[in-house]
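Colleague: Handing you a structure now.
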Amino acid sequence: MKEKLSIFSESFRRKIASVLLVILFASALILGGINLFYISIFGNFHKIDDDAYRSGQLYTRNLINKLKEYKIKSIINLRGENTFRSPWYEYEKEVAKRLGIELINFKIGSREFIDFNKSLKLINILKTAPKPMLIHCRSGADRTSFAAALYEFAVKDKDIKEAKKQLSFYYGHLPYFGSKTIKMDESFDNFVKKYLKLSCKNKKFPTTEKIEK
């Protein structure tokens with residue numbers, strides 16, 4: 002009798018564990034869906050600090066209103082210059098020109114490993130771009146999170162833990178279940194590791210040319 006009870010208890014515990022895992026997974030999907038819905042509706046616009054804002058691709062009046070409201074002086078477009086004359090790019094370029102805002106195109110991929118030199122080039126842009134600036138990609142979740150983390154760490158001298166908060170579920174960054182967007186996390190970690198190894202954690206960045214040599 003005791004043996005049967007023991008077997009039953011173990012089986013019961015396994016079933017409970019399975020149910021809890023299913024509930025946890027379903028809850029994560031629901032929360033993720035709600036978050037992504039919010040992002041798609043409101044453009045994933047957030048303030049990093051007084052000098053920098055981050056977002057996904059903003060359209061029509063939403064773009065104009067945000068640029069005016071926050072007195073944006075430059076746009077860092079991580080989708081890169083679009084040679085196919087896509088409506089989103091042509092509109093953003095036209096609005097930037099009309100409002101006297103500098104548009105800076107720097108293309109990176111959300112599933113691409115960004116090496117140290119390319120990260121350094123992006124940091125130099127983030128340091129020298131007219132402020133306040135708006136950093137954006139398509140959804141504002143992955144590439145923008147990576148750039149924002151670099152900005153916090155390398156430009157604002159925040160600690161690693163604080164900077165990595167920019168690579169967060171809160172902004173729609175979900176590098177889980179085999180997602181290749183984990184490359185953004187890996188790229189940031191690689192930059193930090195090499196940066197610290199080169200002993201330049203004092204806001205004095207070597208030029209890209211020196212690093213490449």
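All residue numbers for the sequence shown refer to this note's numbering, where the first residue is 2 and numbers rise by one.
Think of the CB as a built atom: it goes at the ideal place given N, C-alpha and C, for glycine as much as any other residue.
Exposed or buried, LYS98, counting other C-beta atoms within 10 Å across all chains shown (16 or more means buried)?
Modeller: Residue 98 sits at position 97 when you count from the first residue of the sequence shown. Burial call: exposed.
Colleague: DSSP puts ARG55 in a beta bridge; with which residues?
Modeller: Reading the sequence shown from its first residue, position 54 is the one you call residue 55. HIS47, ILE136, per the DSSP bridge assignment.
Colleague: Rounded to the nearest angstrom, how far is the Cβ of PHE154 from that of ALA142, given a contact under 8 Å?
Modeller: Translated into positions along the sequence shown, residue 154 becomes position 153. Translated into positions along the sequence shown, residue 142 becomes position 141. Not confirmed; about 19 Å, so no contact.
Colleague: Could you check what DSSP says for SER146 in three-state terms: helix, strand or coil?
Modeller: For the purposes of this step, residue 146 is taken as residue 145 along the sequence shown, with counting starting at 1. Reduced to three states, the DSSP call for SER146 is helix.
Colleague: Assuming the contact rule is C-beta atoms closer than 8 Å, SER188 and PHE114 should be a hit. Round their C-beta distance to whole Å, please.
Modeller: Locating residue 188 in the sequence shown gives position 187, where the first residue counts as 1. Locating residue 114 in the sequence shown gives position 113, where the first residue counts as 1. Confirmed, Cβ separation roughly 6 Å.
Colleague: Have a look at THR157 and LYS94 and give me their C-alpha separation to the nearest angstrom.
Modeller: Position 156 of the sequence shown, counted from the start, is the residue given in the question as residue 157. Position 93 of the sequence shown, counted from the start, is the residue given in the question as residue 94. Looking at the sequence shown, residue 157 is not Thr but Lys. Distance between the alpha carbons of LYS157 and LYS94 is about 28 Å.
Colleague: Based on DSSP bridge pairs, tell me the residues matched to LEU104.
Modeller: If you number the sequence shown from 1, residue 104 lands on position 103. Partner(s): ILE76.
Colleague: Given this structure, state the Cα-to-Cα distance separating LEU1 from LYS166, to the nearest angstrom.
Modeller: Look at the range of the chain in this structure, 2 to 214, and you will see that residue 1 is not part of it.
Colleague: Hey, TYR149 and ARG80: beta-carbon distance below 7 Å or not?
Modeller: Taking the sequence shown and counting its residues from 1, the one referred to as residue 149 is at position 148. Taking the sequence shown and counting its residues from 1, the one referred to as residue 80 is at position 79. The sequence as given places Ala at residue 149; Tyr does not occur at that position. Not in contact: ALA149 and ARG80 (Cβ atoms no closer than 7 Å).
Colleague: Tell me which residue opens and which closes the alpha helix (DSSP H) that LYS166 is part of.
Modeller: To locate residue 166, count along the sequence shown from 1; it is residue 165. Here LYS166 belongs to no alpha helix (DSSP H), and DSSP marks it neither H nor E.
Colleague: Going by alpha carbons, who is nearest to LYS194 out of ILE161, GLU91, TYR172, ILE183?
Modeller: Mapped onto the sequence shown, residue 194 falls at position 193. Per the Cα distances, ILE161.
Colleague: Put SER111 into one of helix, strand or coil per three-state DSSP.
Modeller: Sequence index remark: in the sequence shown, residue 111 carries index 110 (1-based). Coil at SER111, not helix or strand.
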